[in-house]
Amino acid sequence: MSNLSKGGTKKDTKMRIRAFPMTMDEKYVNHIWDLLRNAIQEIQRKNNSGLSFEELYRNAYTMVLHKHGEKLYTGLREVVTEHLIQQSTKKTYLITLNKLIF
1 MSNLSKGGTK
11 KDTKMRIRAF
21 PMTMDEKYVN
31 HIWDLLRNAI
41 QEIQRKNNSG
51 LSFEELYRNA
61 YTMVLHKHGE
71 KLYTGLREVV
81 TEHLIQQSTK
91 KTYLITLNKL
101 IF
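Counting in the UniProt record's numbering, the sequence shown runs from 1 upward without gaps.
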């Protein structure tokens, strides 16, 4: 019998189904990060013609979705830092910096 037939008030009771918590295998996370790191390095070399930005976005989103955003952030920071150090050790660093500022 429903709450209305007993003289009670109708309660708004919604059944909620929670998503099953999924975890990513650490091996798979490392594989995704390796793909992203290689793609970032190709972009830094201005050789991005064969890359699918949609796929790269999906992989990055998947890492964040499965609570691996910290690994993505620190890895990206390291790759960019390494690239900047390599570029800054070249003699053209000041010339490039000068072009960017002025």
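C-beta: ideal position from N, C-alpha, C; glycine also.
1) Just mark residue 17 as buried or exposed, buried being the case when its beta carbon has 16 or more other beta carbons within 10 Å.
2) Runs of 3 residues minimum, wholly inside the segment 17-97: which ones carry the beta strand (DSSP E) assignment?
3) Do you know offhand how far residue 31's Cα is from residue 64's?
4) Any idea if residue 60 is buried or exposed, counting beta-carbon neighbours within 10 angstroms, 16 or more meaning buried?
5) Grouping DSSP H, G and I as helix and E and B as strand, with all else coil, what is residue 99?
6) Measure the C-alpha to C-alpha separation of residue 52 and residue 27 and round it to an integer number of angstroms.
The structure says:
1) exposed
2) Whole beta strand (DSSP E) segments, 3+ residues: zero.
3) 15 Å
4) buried
5) helix
6) 22 Å
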